[in-house]
Structure formats: C-alpha cells, structure tokens
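See below for the structure under consideration.
In full-length UniProt numbering, the protein residues as written are 1 to 48.
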C-alpha cells in the first residue's frame, strides 16, 4: 500500500512523513530514518 502527499516544500513533506512514521508506526526519528524517507520522494502526480 502507498500514500501520496503534497507539500509546498520538501521540508514540509518530510515533517509530515516523519510525524506519521513515528506516531502511527512507532519508528524512531533519527537522521537515518529521515535520509531513507527522502530517498523515496518522487516528483509529480502519482498514478491513479
């Protein structure tokens, strides 16, 4: 399953994803976690 989010900046998107990951899935907010998230960012509109 995947989720598509939109944000005005990469930083705003990163904060939203980190908050979801830590609160919903129990991940620790570490530099490695943030780096892994940023590797998965994709530009554009997701497929329908």
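Beta carbons: idealized from backbone N, C-alpha and C, even for Gly.
Rounded to whole angstroms, the separation of the alpha carbons of residue 32 and residue 22 is 13 Å. Our two residues, residue 42 and residue 11, have alpha carbons roughly 14 Å apart in a direct line.
Less than 8 Å separates the beta-carbon of residue 13 from that of residue 5.
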